[in-house]
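Each residue of the sequence shown is one higher than the one before, counting from 1 in full-length UniProt numbering.
One structure below.
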Amino acid sequence: MLENPELKERSFSYLKEETVLRRDENDQIRFRTRDID
Numbered sequence: 001m002l003e004n005p006e007l008k009e010r011s012f013s014y015l016k017e018e019t020v021l022r023r024d025e026n027d028q029i030r031f032r033t034r035d036i037d
């Protein structure tokens, strides 16, 4: 995602968490991590 500005969203899971990386309207990268049940 960092190397490819065309990619707007990326998600991955590890153990019991999921992280979603997104580009906002200013092309800044934001992330959200949440627990998976």
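Note that CB positions come from ideal geometry on N, CA and C, so glycine has one too.
No experiment lies behind these values; they were computed from the predicted model shown.
Inset, instruction - Could you check the C-alpha separation between Glu18 and Ser11 for me, to the nearest Å? - result: 7 Å
Legend entry - Test item: CB-CB of Arg22 and Lys8 under 9 Å: yes
Legend entry - Paired residues, beta bridge with Ile29 - DSSP: Arg23
Inset, instruction - On the DSSP bridge assignment, give the partners of Asp35 in chain order. - result: Glu17
Legend entry - Glu9, DSSP secondary structure in three states: strand
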